[in-house]
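Before any comments, here is the structure.
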Amino acid sequence: TFQLAASEIGGGPDFYERLAKFATVTLKESLYAPVFLAVIGLLLALFDAHHTTKTTTRTNTRYWRQIASATLFTGFVLYVGVFHYLSNLSFDPLFLGVQKRFWMQSMFYIF
Numbered sequence: 034t035f036q037l038a039a040s041e042i043g044g045g046p047d048f049y050e051r052l053a054k055f056a057t058v059t060l061k062e063s064l065y066a067p068v069f070l071a072v073i074g075l076l077l078a079l080f081d082a083h084h085t086t087k088t089t090t091r092t093n094t095r096y097w098r099q100i101a102s103a104t105l106f107t108g109f110v111l112y113v114g115v116f117h118y119l120s121n122l123s124f125d126p127l128f129l130g131v132q133k134r135f136w137m138q139s140m141f142y143i144f
C-alpha cells in the first residue's frame, strides 16, 4: 500500500505540499537541466511543428511518437499524483528518505 505510516505517525503535509517538495527535490538533485530538457522534449514530441510531407511513413511515425509521449506523460502524472495523494509520511529526514526511494521510480521518466 502507499499509506506507509501508522495513523499515529502519519497525517503529515497535504497533497500540494508533497508535490511541491517532490518538485523542489527533483530540481535540486537533477541540477535543473534534465527537468527542463524533459519538458522541452515532451512539447516537441506532442506538438511537432514540422509540416508533413505526402508520405504516409512520416505521418505514421509522428502519430506513434505522439501516442508514446502522451502515454509516458500520463503514466508519470498518474504515478506522481496517486503516490502523493495516498502518501501519509511526514518530512522528517528518515521518512523523507523513504519517500525519495519511491520518487526514483517517477524520475525515470525525467532522466
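Counting in the working numbering, the sequence shown runs from 34 upward without gaps.
Heads up, the beta-carbon is just placed ideally off N, CA and C, and yes, glycines get one too.
Since the structure is predicted, the reported quantities are computational estimates derived from the model, not experimental observations.
**Q.** G114 versus S139, V58, P46 and F69, residue with shortest Cα-Cα distance
**A.** For the purposes of this step, residue 114 is identified with residue 81 of the sequence shown, where counting begins at 1. Answer by Cα proximity: S139.
Q: Inspect the beta-carbon positions of K133 and V68 and report whether they are closer than 8 Å.
A: By one-based count along the sequence shown, residue 133 stands at place 100. By one-based count along the sequence shown, residue 68 stands at place 35. It is not a contact, given that the beta carbons lie outside the stated cut-off.
Q.
Taking 8 Å as the threshold (C-beta atoms), are I143 and A66 in contact?
A. Your numbering for residue 66 matches position 33 in the sequence shown. Your numbering for residue 143 matches position 110 in the sequence shown. No; because the gap between Cβ atoms is not below 8 Å, this pair is not in contact.
Q) Whole-angstrom Cβ separation of K61 and F124, contact assumed at under 8 Å? A) For this step, residue 61 is matched to residue 28 along the sequence shown. For this step, residue 124 is matched to residue 91 along the sequence shown. About 14 Å separates the two Cβ atoms, so there is no contact after all.
Q: Could you tell me the distance, in whole angstroms, from the CA atom of F128 to the CA atom of N121?
A: Counting from 1 along the sequence shown, the entry for residue 128 is found at position 95. Counting from 1 along the sequence shown, the entry for residue 121 is found at position 88. If I take the Cα positions, the gap works out to 10 Å.
Q.
Checking 8 Å against the spacing of the C-beta atoms, do A78 and S102 come in under that value?
A. For the purposes of this step, residue 78 is taken as residue 45 along the sequence shown, with counting starting at 1. For the purposes of this step, residue 102 is taken as residue 69 along the sequence shown, with counting starting at 1. Contact flag set, yes.
**Q.** For F109, the three-state DSSP class (helix, strand or coil)
**A.** Position 76 of the sequence shown, counted from the start, is the residue given in the question as residue 109. F109 falls in the helix class under three-state DSSP.
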